[in-house]
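To start, the structure under review is shown below, and the notes come after it.
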Amino acid sequence: MLTTTLCAALSAGGLGIAMMTAYRRRFLAATRIAAVSLLPVGLAMAGLVTLGRKVGTATAHWGADLVFKPTVWLGFGVLAVAALLYGVTRLISARLPEGGAPAAVRGGAEAPAIAATRPAATPARRSRGSDSALSEFADVEEILKRRGI
């Protein structure tokens, strides 16, 4: 009972940290943290982590539990999901450039090319303001004409 409670608390704390990491838009790291935080509860459900049992009796009970308890099978399922999540994040990080983010986000070689395609905002444009809806549409129309649309 104590083992299950402790492992559930560890997993809940890890999933909370993963949610905070995802809130910061670091989804790859959040997925890794979630995968690692699923391990304690998966191990406890599968019966691979025990406190207070003797080794000889734990082995005999675990063999019977493996056959008759669906919780043990769910524990192995949780462990498989954790391994799958971790493996997917490793594959994705191997395909990303060295910094872990796309080059346009990091400010690499592609970023100036993207910035060059956008029209530069001139001081005359900013001072014009948007007094009415017609001036906003005039800006849009000007951009479309420059691009030949």
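Residues -16 to 132 (our numbering) make up the sequence shown, in order. A virtual CB, placed ideally from N, CA and C, is assigned to each residue, including glycine.
Going by alpha carbons, who is nearest to residue i out of the options?
{"i": "Gly(-1)", "options": "Arg15, Leu(-15), Met(-16) and Thr(-14)", "result": "Arg15"}
{"i": "Ala(-9)", "options": "Arg9, Leu79 and Ala29", "result": "Ala29"}
{"i": "Arg78", "options": "Met(-16), Val55 and Leu11", "result": "Leu11"}
{"i": "Ala27", "options": "Phe59, Gly46, Arg130 and Tyr6", "result": "Phe59"}
{"i": "Gly(-3)", "options": "Leu49, Ala17 and Thr54", "result": "Ala17"}
{"i": "Val71", "options": "Arg8, Ala13, Ser(-6) and Met2", "result": "Ala13"}
{"i": "Thr54", "options": "Arg73, Leu74 and Leu31", "result": "Leu31"}
For the alpha helix (DSSP H) containing residue i, name the first residue and the last one.
{"i": "Met28", "result": "Phe10 to Ala29"}
{"i": "Arg130", "result": "Counting along the chain, Arg130 falls outside any alpha helix (DSSP H), and DSSP gives it neither H nor E."}
{"i": "Arg78", "result": "Pro53 to Arg78"}
{"i": "Met3", "result": "Leu(-15) to Tyr6"}
Would you grab the beta carbon distance between residue i and residue j for me? Rounded to a whole angstrom, and I think it's under 8 Å.
{"i": "Ala65", "j": "Leu21", "result": "4 Å"}
{"i": "Val61", "j": "Val24", "result": "6 Å"}
{"i": "Thr(-14)", "j": "Thr33", "result": "6 Å"}
Counting only C-beta atoms, is residue i closer than 8 Å to chain C at any point?
{"i": "Ala121", "result": "Here chain C cannot be found, since the structure has a single protein chain."}
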